[in-house]
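Each number in our numbering corresponds to the 1-based position in the sequence shown with 20 added. In this text, a Cβ means the ideal position worked out from N, Cα and C, and glycines have one as well. Predicted model only: the values in this text are computed from it and were never measured. Below is one structure; the comments refer to it alone.
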Amino acid sequence: MRNEKVFAVKFQGADAGVQALRNFCYWIAVRMVGRPGLFSLIAVLFVGGLGVIYANLEPRYRLADQVPDKRQAVAASDRLDAKLTGANPVNVLIAFPKGESLYSPETLQTIADVHATVEKAAGVGNVWSLETLRRWLAEKAGSADVATLKEYVSVIPEHLVRRFIDAEQDAVVVAGRVPDKDSSQLLPIVDKLDSELDAVRKKHPGYEIAVTGLAAIAARNSANMIEKLNHGLTIEFALVAIFIGLAFRSWVVTLACILPGIFPVVMSGTVLWAMGEGLQFASVVALTVSFGLGLSATIHFLNRLRLENKPGVGSALAVERATVLVGPALILTTVVLACGLVVTVFSDLPSLRLFGWLSAFSMVMALVADLFILRPTAMWLINLHGKLQGTDKPAI
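Below, the structure is given as C-alpha cells:
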C-alpha cells in the first residue's frame, strides 16, 4: 500500500468521533469498577425504590385517546360531555324470564326500578328507557294504562324503538351517559352501579339485569388486559434472564441481566407516575419493546466480556476492555433507535405519541443501565464467583 502513514493519519482523524466515545466509555468503566460492591448495592436500592412506584401504577384507558385529538371528533365529544352529561353510553340490559311479556306489570315495574336506580347513580346522566315514555304519558296525557303505552310505542319509528326494546320484546335497555374519562375513573362508576342494581335483582328474581355498553365493557376489559400485559412483562424479566443465563451457561449472567433489564421499565413507570399518568396499552407495549431492545445491548456486552475474561486477566480489566470495545456501538445504536421512535411524537394520535416518546426514553434508560449498573454488577458477581468456585473456572 502506498503512503501508508498518510492513510493511517487520515483514518485516525476520520475515527475521531468513535475514539471520543471510547474515551467516554473508558472514563465510565474505570469509575464503575472502582467500587463495584458499593455501586451494586446502590443500584439494588435505587431499582427497588423505583419498582415500588411502578407497582402502584393504575391501568388507564380512555376512548378519546384512540382517535386523533386535533380533529373534530374530540371537540364533538367534549360538547356532548357538556350538553348531554356524557358522550359514552352505559346501558343496563334487562332480559325477561319465560312467561313474562314486555307490558306485564312485573316487567314494567322492573324497568321502572332499574331506571330509577340508574338515574340516582353518581356519574351517570341523561337516562332513557321505556319508563321515560311512561312518565311522559302520565305527566302530559294523564294516562298510565298499558293500552296507551302500546299505542305510542307502535307509532314511534322502528329504529328508535329498537334502541330500547328488542324485536322479540323479551329484553329492553335502560340507556345512560357517562363523561369521556379514563378507565380508572369509569370503572368505579360502573362497579357501583352494578352493586346498586343488586337490590332490584333481589326484588325481581328471574330478570337478568346486567350493566353493559361500550364504556362499561372498555373500562372492565381494558383494565384487566393492561394488568395481564403488565404481569406478563414482570414474568418476562425472570424468564429472559434465566434463558440468557442458560445460553451462557452461567449463573453470573443470569443475575447480571436482572437489574439492567428492570431499570428502564421501572424508571419509565416512575416518569409516568410523576406526570400523573398510568399504564395504557401503548405504554405497556412500548416498555415491552424497549425491554427487548435494551437486553440486546446487554447480551452484546456480556458476550464481549466473556471473550475478555480470560485466565490471568483481572475482572476490572476485562470489564474495562469490554466497555471500550462495545460501548461506542451500543451508544450509537441507542441514539439511532431512539431518534427513529421519537418522531412519532408528532402524530395526531395520543396513544402513538405516548408510544414514541416512552419507547425512546426507555431506550436511553436501558443504555444508562448498561453503562452504570451492568458494569459494577457484573464485576462484583465475577469476583463473587471467584471466591465461591475459584478463579480457575470462568465466571462467564
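Nearest candidate by alpha-carbon position, reference residue i, set the options
i           : options               : result
residue 39  : 348, 352 and 391      : 348
residue 401 : 376, 339 and 175      : 339
residue 231 : 239, 214 and 240      : 214
residue 373 : 88, 146 and 311       : 88
residue 239 : 205, 257, 212 and 409 : 205
residue 356 : 381, 335, 370 and 416 : 381
residue 132 : 318, 145 and 150      : 150
residue 72  : 328, 350, 167 and 293 : 293
residue 395 : 37, 35 and 54         : 54
residue 85  : 367, 156, 404 and 399 : 367
residue 274 : 318, 236, 249 and 296 : 318
residue 108 : 200, 190 and 59       : 200
residue 226 : 121, 177 and 358      : 121
residue 323 : 270, 309, 159 and 78  : 270
residue 236 : 37, 56, 57 and 143    : 143
residue 77  : 297, 408 and 334      : 297
residue 390 : 413, 278 and 407      : 278
residue 119 : 82, 66, 189 and 325   : 189
residue 192 : 160, 128 and 342      : 128
residue 313 : 385, 413 and 139      : 385
residue 330 : 185, 64 and 406       : 406
residue 332 : 413, 375, 257 and 177 : 413
residue 207 : 186, 184, 181 and 241 : 241
residue 246 : 64, 82 and 186        : 82
Whole-number beta carbon distance between residue j and residue i, since they are thought to touch under 8 Å
i           : j           : result
residue 344 : residue 42  : 5 Å
residue 291 : residue 194 : Not really, about 42 Å apart at Cβ, beyond 8 Å.
residue 112 : residue 229 : 6 Å
residue 311 : residue 253 : 7 Å
residue 272 : residue 416 : 6 Å
residue 123 : residue 166 : 5 Å
residue 397 : residue 276 : 5 Å
Within 8 Å, strictly: CB atoms of residue i and residue j
i           : j           : result
residue 286 : residue 61  : no
residue 52  : residue 392 : yes
residue 234 : residue 80  : no
residue 110 : residue 220 : no
residue 197 : residue 162 : no
residue 387 : residue 350 : yes
residue 203 : residue 243 : yes
residue 152 : residue 217 : no
residue 378 : residue 288 : yes
residue 383 : residue 361 : yes
residue 399 : residue 336 : yes
residue 308 : residue 224 : no
residue 141 : residue 248 : no
residue 325 : residue 342 : yes
Contact with chain D by residue i, beta-carbon distance below 8 Å
i           : result
residue 416 : Protein chain content of the structure displayed is limited to a single chain, and chain D is not contained in it.
Heavy atom of the ligand COA within 7 Å of residue i beta-carbon
i          : result
residue 56 : The ligand COA is not among the ligands present in this structure, which contains no ligands whatsoever.
May I have a chain-ordered list of the alpha helix (DSSP H) segments no shorter than 4 residues that lie completely inside the stretch 144 to 218?
Whole alpha helix (DSSP H) segments, 4+ residues: 150 to 156, 166 to 175, 178 to 181 and 203 to 216.
Going residue by residue through the stretch 213 to 259, where are the continuous alpha helix (DSSP H) segments of at least 4 residues, counting only ones entirely within it?
The qualifying runs are 218 to 223.
Could you tell me whether the stretch 158 to 177 touches the stretch 259 to 274, where touching means 3 or more Cβ pairs closer than 8 Å?
Proximity of the stretch 158 to 177 to the stretch 259 to 274 falls short of the contact definition, fewer than three beta-carbon pairs being nearer than 8 Å.
Enumerate, from N- to C-terminal direction, the unbroken alpha helix (DSSP H) stretches of 4 or more residues contained entirely within the stretch 279 to 315.
You should have found no qualifying run.
Is the stretch 277 to 284 touching the stretch 107 to 123, taking contact as three or more C-beta pairs under 8 Å?
Flag = no, the stretch 277 to 284 and the stretch 107 to 123 do not touch.
If contact is defined by three or more beta carbon pairs under 8 Å, each pair taking one atom from either stretch, is the stretch 357 to 373 in contact with the stretch 299 to 318?
Flag = yes, the stretch 299 to 318 and the stretch 357 to 373 touch.
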